[in-house]
Amino acid sequence: MLFYKDLLGDDTDTAAAAEDAVRFVARTSAVFNAAQVDAAPDLAVSPPSPALTKPVPVFTAFVGATGARIIEGGTRACYLPATDTIHLPPHAAFHSAEGYAGTLAHELIHWTGAPHRLHRDLTGRFGSRAYAAEELVAELGAAFVLADLGLARSPHPDHAAYVAHWLPLLRADPRALATAASHASRAATYLADLQEAGGTIEVASSTLSGNSDDTGAIPFVKAAA
């Protein structure tokens, strides 16, 4: 982190003296996320209101019906292709039910791209920008899913970082948005068609990188027919 400030001296009569009177100060500081520091003290954070983070039944039923394996625990939200699992922070870590739903819907769209599902490989179409394209697909797909369920879409926690990836892609390829929207629509439809399966959330007592042997399965509530 860089701190920069101008320091002006006293008023003077000559231009040369005035230039000499101008001073600058610049200071740098190294900063770290508390999660990166070993033995860092827990920071006092006010827990979100239970009323704001109460699960939305229609979304809970929709996700459960996909049959996706979702593990709650840790601080990261991601889909791991190697284990075909979605990892998500605990529900209480989100500030709103919409934020939880938006993040999980985003990861579910990634989940649909597995080889044994939609086999969504964007490297042939986008080359080195395939990652940015996949994230754009996930964001659009999440918006489609939540819109179909009548829910508001909250921006992804890393929305600014994703936009930074999208901009070069969209500038370089004017048709990228239409292509991503097509894949996103296909993924949202795929999830909507998986309403006969049942899924579980496993609550992990450790972080994503740690062991998760001590887990319990929490079944989703399925919507009534």
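Residues are numbered in our numbering as their position in the sequence shown, beginning at 1, plus a constant of 239.
Idealized CB from N, CA, C, for every residue including glycine.
DSSP places R359 in no alpha helix (DSSP H); its state is neither H nor E.
In this structure, DSSP gives H422 a helical state, which the three-state scheme calls helix.
With fewer than 16 other CB atoms across the displayed protein chains lying within 10 angstroms of its CB, T322 is exposed. Note that the region 335 to 354 touches the region 384 to 393; at least 3 beta-carbon pairs, one per stretch, sit closer than 8 Å. Straight-line measurement puts the Cα of L375 at about 13 Å from the Cα of R414. Taking C-alpha positions only, T305 is separated from D360 by approximately 21 Å. Rounded to whole angstroms, the Cβ separation of A372 and A419 is 6 Å, and the two are in contact under 8 Å. Look at L319 here: in three-state DSSP terms it is strand. Under the criterion of beta carbons closer than 8 Å, F383 and A427 qualify as touching, at roughly 4 Å. In this structure, A381 lies away from A417, with their beta-carbon atoms at least 7 Å apart.
With contacts defined as CB atoms closer than 7 Å, L379 and A431 fail to qualify as a contacting pair.
Beta-carbon to beta-carbon, L327 and I309 are separated by about 6 Å, close enough to satisfy the 8 Å threshold. Straight across, the Cα-Cα distance linking V302 with T324 is about 13 Å. Contact annotation, T342 with A316: C-beta distance approximately 5 Å; criterion of less than 8 Å satisfied.
Following the DSSP letters along the chain, one finds L343 inside the alpha helix (DSSP H) bounded by residues A336 to T351.
If you draw a straight line from the Cα of P320 to the Cα of V276, it is about 28 Å long. Apart from the 5 residues on each side of it in sequence, A411 sits with its Cβ closer than 8 Å to the Cβ of R368 in its chain, given in chain order. By the neighbour-count criterion, in which a residue is buried when 16 or more other Cβ atoms sit within 10 angstroms of its Cβ, G363 is exposed.
The criterion of a C-beta distance shorter than 7 Å is not satisfied by E346 and Y370.
T314: not part of any alpha helix (DSSP H); DSSP gives it neither H nor E.
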